[in-house]
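K.L.:
Quick one: structure below, then a few questions.
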Amino acid sequence: MDTTLLRSGLIVDGLGAPAFPGHVLLRGDRIDAVLREGDATPEAARHVDATGCVIAPGFIDMHSHADWQLPLDDHPELLSSMLEQGVTTVIGGNCGISPAPLRHETLGRLHDFASIARDRPFEYAWESFAEYLEQMGKGKPALNLAELVGHSTLRYAGSDAARGPMPREDLSNCLDRLRQSVEEGACGLSFGLGYDPGMYSPLEELQAFCHVAAEADATATVHLKAYSRISPCYPLTTPEAHNVRALREMLEVARQTGVRLQLSHFIFVGRRSWPSVEACLEMVDAARRDGLDIMIDAFPYTCGNTTIHAPFPHWFLAALPGAYRSRLARMRLRVELELGFRLAGFIYSDVQVMDAGVEGWEELNGLTIAEIARKWKTSPFDAMLTLAERSKGATTMLFHSYSGEPQDQHALETVLGHEACLFETDVIVKNGGHPNPAALGTFPRILGPLVRDRRLFNLETAVHRMTGASAGRFGISDRGVLASGKAADVVVFDAAQICDTPPEGKQPAGRSRGIEHVFINGAHAVKAGVYQSGVRAGHVIRT
Ligand SMILES: [Zn+2]
């Protein structure tokens, strides 16, 4: 059988144990042995010199949207920047949307919702979760995929109610589909409560879903209803800060149902939310002290991708597309947005177009709404509305002021430094447009600038929180750890060199440095930092 010996590196096992010098032998798609320096080195068909480098388990992007790229035959090129930053496994289906299960009669709603996450449409050659996973396996993915089942997707499949409370029989239909999806291999349940339809779901519905997830021993990930002090998801008159209220409500759901909860992208959006970071982490700690199984995750940047509709209030979204042309609706929206932005600590130049989503408007990619307004000689509000209307909400945006800004990263580092924080990218990868820097540099940025330079936590802890801890969160038992018999997902990186790279011109980041080799299921997918075109060795993981 094919054997590769990774020789003379520093072994970081993914479980947090102290690093030690040694070698790793891969045999076929498994790790055959982890050896200490001084142990007899076995024979191997191929040798890779890891002198001066760390040997670690392949990184797990535990909050990914790459499941919307994987059905495309050219996904390896689209996702090569993930491989080149050391990612071997993605957890897809986050923020309430997974591509399965579905019912073809209501597919249009899922398809419209997913327009923000995908590069371009693909054929849905499945209905059940099992059929979907089978198709993904046949497509030879470049990365391993474990998939959550989305709450919004389940609603689309199980009910004709567009939003809000469902009839009782529809709810039980959705819950049956949830049980079935978990049985068929879904690694958990996800919620997208900041988006339609999740934002309109009553708490009792969330409890019912979490109750079933808890019974099935499945983790629930949640994109909270609000991440800013003022958000469109609660009335402006709500006295409590919206991000604090959203967290409190979800922790209460966890208390009532006992569900294992993963608080997705634990961000603080807008300057007025930054001071609440300690209080929010204390709420998480208090719940953990009470015995609830709760963790958080975050990416190491002060910007993140979302849709142009994200700041718009419920009433406006519910009245689309007519609301775009109603003078009254526009006037009310303008006042509410301006007030909301002020109270949240948010300005139009924090909002940058990633992909305008309108043919012929590619020149807008990378510009902020304030810059577009100047270009079009109009107000930022009108520029944003024109863009939203023309793209039918498909414009993807990079919002800045997430947990800080480049010169003030206190809130961001407080979150990343928390012992219950796992690492993730949350990126939406598209073929064109202005990329999210997290798509290029997330894991190198943590290992270089944050671990080596800032010493926020040590190397073993950093690797644990991007490998073994993430695998454990979703019941993936044979990955995320360097040990004999585990899957041969391995990264070799230079700890002295590893880093993301600064913006170059209009690009938000350059290629990361320091990732030397990546093996997926024993296949050598990245050599000397470069993805080897044609290597498609990923597996579909059923838990
Ligand atoms: Zn999300």
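Quick note on numbering: the numbering used here labels position 361 of the sequence shown as 635, and the sequence is numbered without any gaps. Glycine is no exception: its CB is placed at the ideal position from the N, C-alpha and C atoms.
Can you give me the C-alpha to C-alpha distance between LYS414 and HIS813, rounded to a whole angstrom?
P.N.:
Roughly 8 Å between the two C-alpha positions.
K.L.:
Taking only three categories from DSSP, how would you classify ASN517?
P.N.:
Three-state result, ASN517: helix.
K.L.:
For GLY801, count the other beta carbons within 10 Å of its own beta carbon; 16 or more makes it buried, fewer makes it exposed. Which is it?
P.N.:
The sequence as given places Lys at residue 801; Gly does not occur at that position. Flag for LYS801 reads exposed.
K.L.:
Under 5 Å from any heavy atom of ligand 1, by CB: list those residues in chain order, please.
P.N.:
Cβ atoms closer than 5 Å to ligand 1 belong to CYS369, HIS497.
K.L.:
So, are the CB atoms of ALA762 and GLY796 less than 8 Å apart?
P.N.:
Yes, Cβ-Cβ distance for ALA762 and GLY796 is below 8 Å.
K.L.:
Do MET740 and ILE329 have their C-beta atoms closer together than 8 Å?
P.N.:
It is not a contact, given that the beta carbons lie outside the stated cut-off.
K.L.:
Check the C-beta distance from GLU421 over to ILE789 and give it rounded, since I have them as a contact under 8 Å.
P.N.:
So it is not a contact: roughly 25 Å between Cβ atoms.
K.L.:
Determine the DSSP secondary structure at PRO777, reduced to helix, strand or coil.
P.N.:
Coil at PRO777, not helix or strand.
K.L.:
DSSP beta-bridge partners for HIS798?
P.N.:
In the DSSP output, where bridge partners are listed per residue, HIS798 has PHE793.
K.L.:
Does any CB atom of chain B fall closer than 8 Å to the CB of GLY678?
P.N.:
Checking the listed chains, one finds no chain B in this structure; it contains a single protein chain.
K.L.:
Would you tell me roughly how many angstroms separate the C-alpha atoms of ALA584 and PRO295, rounded to the nearest one?
P.N.:
Between ALA584 and PRO295, the C-alpha separation is close to 48 Å.
K.L.:
Leaving out five residues on either side along the sequence, give the residues of the same chain with a beta carbon under 8 Å from the beta carbon of GLY382.
P.N.:
So no residue of the chain qualifies.
K.L.:
SER550 and ALA500 look like a contact to me (Cβ under 8 Å); what is the Cβ gap, rounded to whole Å?
P.N.:
About 11 Å; that fails the 8 Å criterion.
K.L.:
Could you check whether the region 531-547 touches the region 491-498, counting it as contact only if at least three pairs of C-beta atoms, one from each stretch, sit closer than 8 Å?
P.N.:
Touching, yes.
K.L.:
Could you spell out where the alpha helix (DSSP H) holding PRO350 opens and where it closes?
P.N.:
Start and end: 349-352.
K.L.:
Whole angstroms are fine: how far does the CA of ARG320 sit from the CA of THR580?
P.N.:
Looking at the two C-alpha atoms, the distance is approximately 44 Å.
K.L.:
Is it true that the CB of ALA685 sits closer than 8 Å to the CB of VAL701?
P.N.:
Their beta carbons are not under 8 Å apart, which means VAL701 does not touch ALA685 by this criterion.
K.L.:
Would you list, in sequence order, the uninterrupted alpha helix (DSSP H) runs of no fewer than 4 residues that lie entirely inside the region 293-375?
P.N.:
Segments of the alpha helix (DSSP H) lying fully in the region 293-375: 349-352, 354-357.
K.L.:
Please tell me whether GLY290 and GLU734 are closer than 8 Å, where the distance is taken between their beta carbons.
P.N.:
For GLY290 and GLU734, yes; Cβs fall inside 8 Å.
K.L.:
With a CB to CB cut of under 7 Å and the five nearest residues on each side skipped, what residues in its chain are close to LEU591?
P.N.:
Taken in chain order, the residues that qualify are ASP470, HIS583.
K.L.:
Within its chain, find whatever has a CB closer than 6 Å to the CB of ALA487; leave out the 5 residues flanking it on each side and keep chain order.
P.N.:
Only LEU463, ALA494, VAL533 meet the Cβ criterion.
K.L.:
Are the beta-carbon atoms belonging to LEU300 and THR278 less than 8 Å from one another?
P.N.:
Yes, the pair counts as a contact, with Cβ atoms nearer than the cut-off.
K.L.:
Over the uninterrupted alpha helix (DSSP H) stretch that includes GLN481, give me the two end residues.
P.N.:
Its alpha helix (DSSP H) spans residues 477-489.
K.L.:
Report yes if the CB atom of GLY631 is closer than 8 Å to the CB atom of THR669, and no otherwise.
P.N.:
Closer than 8 Å, so yes.
K.L.:
Following the continuous beta strand (DSSP E) through ASP571, name the residue where it begins and the one where it ends.
P.N.:
It spans 568-572 - the beta strand (DSSP E) in which ASP571 sits, taken as one unbroken run.
K.L.:
Out of MET440, CYS554, ALA799, ILE541, which one is the CA nearest neighbour of GLU523?
P.N.:
The option with the nearest alpha carbon to GLU523 is CYS554.
K.L.:
In whole angstroms, what is the alpha-carbon distance linking ASP682 and LEU730?
P.N.:
Taking the straight line from one Cα to the other gives about 15 Å.
K.L.:
For HIS674, which residues does DSSP report across the bridge?
P.N.:
The partner list for HIS674 (beta bridge, DSSP) reads CYS577.
K.L.:
If distances are taken between C-alpha atoms only, which option among PHE542, GLY784, PHE586 comes closest to SER675?
P.N.:
For the residues PHE542, GLY784, PHE586, the minimum Cα distance to SER675 belongs to PHE542.
K.L.:
Are the beta-carbon atoms belonging to GLY288 and GLY754 less than 8 Å from one another?
P.N.:
Yes, the Cβ-Cβ distance between GLY288 and GLY754 is below 8 Å.
K.L.:
Are there three or more Cβ pairs, one per stretch, closer than 8 Å when the region 368-384 is compared with the region 401-416?
P.N.:
With a cut-off of 8 Å, the region 401-416 and the region 368-384 count as touching, because enough Cβ pairs lie within range.
K.L.:
How about the region 339-358 and the region 443-461: do they share at least three Cβ pairs that are nearer than 8 Å?
P.N.:
No, the region 339-358 does not touch the region 443-461.
K.L.:
So what does DSSP say about TYR805, is it helix, strand or coil?
P.N.:
Three-state DSSP puts TYR805 in a strand.
K.L.:
Have a look at SER600, ASP434, GLU679, SER623 and flag the residue whose alpha-carbon is nearest the alpha-carbon of TRP834.
P.N.:
One cannot answer for residue 834 here, as it falls past the ends of the chain, which runs 275 to 817.
K.L.:
Spatial neighbours of GLY424 within its chain, please: C-beta separation below 6 Å, excluding the five flanking residues on both sides.
P.N.:
So the list reads GLY367, GLY370, ILE371, SER372, SER464, once near-sequence residues are dropped.
K.L.:
Can you give me the C-alpha to C-alpha distance between PRO439 and GLY360, rounded to a whole angstrom?
P.N.:
Between PRO439 and GLY360, the C-alpha separation is close to 42 Å.
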